[in-house]
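Numbering (the numbering used here), first residue to last: 117 to 525. Quick reminder that beta carbons are idealized off the backbone N, C-alpha and C, glycines included. Since we're looking at a predicted model, the values are computed, not measured.
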Ligand SMILES: [Zn+2]
């Protein structure tokens with residue numbers, strides 16, 4: 117019921133709504149949810165799933181059409197009598213702003229009620245590590261986007277933000293970034309006047325995969341978000357697992373090398389000290405300085421400061437043996453760590469996402485070979501390992517799914 121205040125903003129103008137008004141809004145919310153999830157439905161379909169009489173559904177639909185949320189979009193097949201009218205959401209009646217906020221970049225998009233981007237995805241080369249007033253910066257970009265596409269505040273359901281680091285989902289406080297003692301969502305909401313919902317970046321990826329990607333219709337899936345760090349989100353029994361405070365999924369900090377290097381978290385030999393993009397970069401810079409033979413050298417003009425993860429992934433795809441070996445070592449460490457998770461969760465699918473998914477082919481084979489070494493064959497056989505089809509867009513699409521889940525809550 118909570119979502120009706122976002123979906124029917126105009127009905128909440130300060131006055132206390134009566135019970136029958138709330139019931140009607142609740143019914144309209146259910147109709148909108150059915151049409152969002154199943155696209156084209158007849159009054160008969162709606163009446164069956166919502167368990168309300170045909171006249172009640174018809175009246176609510178008429179109001180939704182007057183409000184511009186629903187359109188009659190055609191005539192369906194007859195099941196004996198007259199051919200029924202088919203209804204669908206007006207895709208341009210409501211919008212969601214999705215924001216993928218990362219350490220060094222921001223990706224933003226405006227999505228319509230059919231989850232389609234209204235425009236291209238905007239990629240900005242600045243992020244949490246490089247902007248001082250990142251919330252103010254985002255608020256400015258949001259108003260620029262709304263002006264550019266002539267979208268009114270009243271038709272925006274909300275802003276979804278994907279954020280890395282430790283975030284306490286109960287209080288909304290973020291500890292790694294934007295640690296101001298105030299929830300990130302309220303900071304942005306105050307500046308934009310819009311509802312804001314925040315999700316941890318790896319769980320945003322899981323929202324994306326579960327709603328629009330390869331985890332759709334599956335129940336037990338591990339989503340790995342591999343970029344400069346390593347994140348994990350688990351879909352258990354069809355639900356995205358949070359943990360007590362929302363900290364679940366710090367897979368990158370499982371120890372795999374007891375005599376290994378110091379991790380930025382303060383522990384020794386974490387997976388992230390062996391397998392992350394950040395470690396791959398440090399190693400490549402050192403190796404190239406010391407004379408390693410690789411295509412990368414000419415791409416960066418011998419200047420290791422210009423090296424980034426993308427350069428390594430591109431070199432691997434060109435067949436560069438050095439880059440392929442680098443990725444293989446990352447895959448091996450991931451495979452060793454994933455063996456533990458397979459034993460714990462018995463997943464049917466493991467999705468490799470995040471920036472490194474662009475070179476997933478070079479990660480999957482070493483992951484598989486180490487899974488075969490370190491896990492029990494019978495459990496191992498249940499789990500397929502695939503590259504995300506949404507790739508780097510999974511988190512952004514996930515923020516859209518997150519907002520919609522709040523609208524229909
Ligand atoms: Zn660590």
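Determine whether the beta carbon atoms of residue 370 and residue 387 lie at a separation below 7 Å.
yes
In the DSSP assignment, find the unbroken beta strand (DSSP E) run with residue 306 in it and report its ends.
Counting along the chain, residue 306 falls outside any beta strand (DSSP E), though it belongs to the alpha helix (DSSP H) covering 300-308.
Does the region 384-402 come within contact of the region 414-426, defined as at least 3 CB pairs closer than 8 Å?
yes
Where does residue 117 land, buried or exposed, given buried means 16+ other C-beta within 10 angstroms?
exposed
Under the criterion of a Cβ to heavy atom distance below 6 Å, does residue 383 qualify as lining ligand 1?
yes
Just checking residue 377 against ligand 1 - is the residue's beta carbon closer than 6 Å to any of the ligand's heavy atoms?
no
So residue 416 packs on residue 405, CB below 8 Å; how close in whole Å?
Rounded, the Cβ-Cβ distance is 11 Å, inconsistent with contact.
Contact belief for residue 314 with residue 272 at Cβ below 8 Å, rounded distance in angstroms:
About 16 Å; that fails the 8 Å criterion.
Within the continuous beta strand (DSSP E) that includes residue 360, where are the two ends?
Segment: none, residue 360 is in no beta strand (DSSP E) and carries neither H nor E.
What ranges does the alpha helix (DSSP H) occupy inside the region 432-507, keeping only unbroken runs of at least 4 residues that lie completely in it?
437-461, 476-490 and 493-496
I'd like the list of long-range same chain contacts for residue 412, defined as Cβ closer than 8 Å, with 5 residues on each side in sequence excluded.
400, 404, 423, 427, 428, 431, 436, 438 and 439
For the alpha helix (DSSP H) containing residue 142, name the first residue and the last one.
135-154
Inter-residue CB distance, residue 300 and residue 274 (contact presumed, cutoff 8 Å)
Not confirmed; about 14 Å, so no contact.
Which residues bound the beta strand (DSSP E) around residue 203?
201-205
Could you round the C-beta distance between residue 515 and residue 215 to whole angstroms and report it? I think they count as a contact, below 8 Å.
6 Å
8 Å contact criterion, which residue 229 and residue 199 should meet: CB distance rounded
Going by Cβ atoms, the distance from residue 229 to residue 199 rounds to 26 Å, so no, they are not a contact pair.
Cβ-heavy atom distance between residue 316 and ligand 1 below 6 Å?
no
Does the beta-carbon of residue 129 have 16 or more other beta-carbons within 10 angstroms, so that it is buried, or is it exposed?
exposed
CB residue 279 to CB residue 348, shorter than 7 Å?
no
With a 10 Å radius around its C-beta and 16 neighbouring C-beta atoms as the bar for buried, classify residue 292 as buried or exposed.
exposed
Curious, which full-length alpha helix (DSSP H) runs of at least 4 residues does the region 249-285 contain?
250-264
Name the two residues that bound the continuous alpha helix (DSSP H) containing residue 179.
170-182
Is the region 165-179 in contact with the region 231-251, if contact means three or more CB pairs nearer than 8 Å?
no
Shortest alpha-carbon distance to residue 501 belongs to which of 390, 525 and 465?
465
Should the region 235-242 be called in touch with the region 185-200, which here means at least 3 C-beta pairs below 8 Å?
no
Alpha-carbon spacing of residue 483 relative to residue 374, whole angstroms
20 Å
Please report the distance separating the alpha-carbon of residue 124 from that of residue 344.
40 Å
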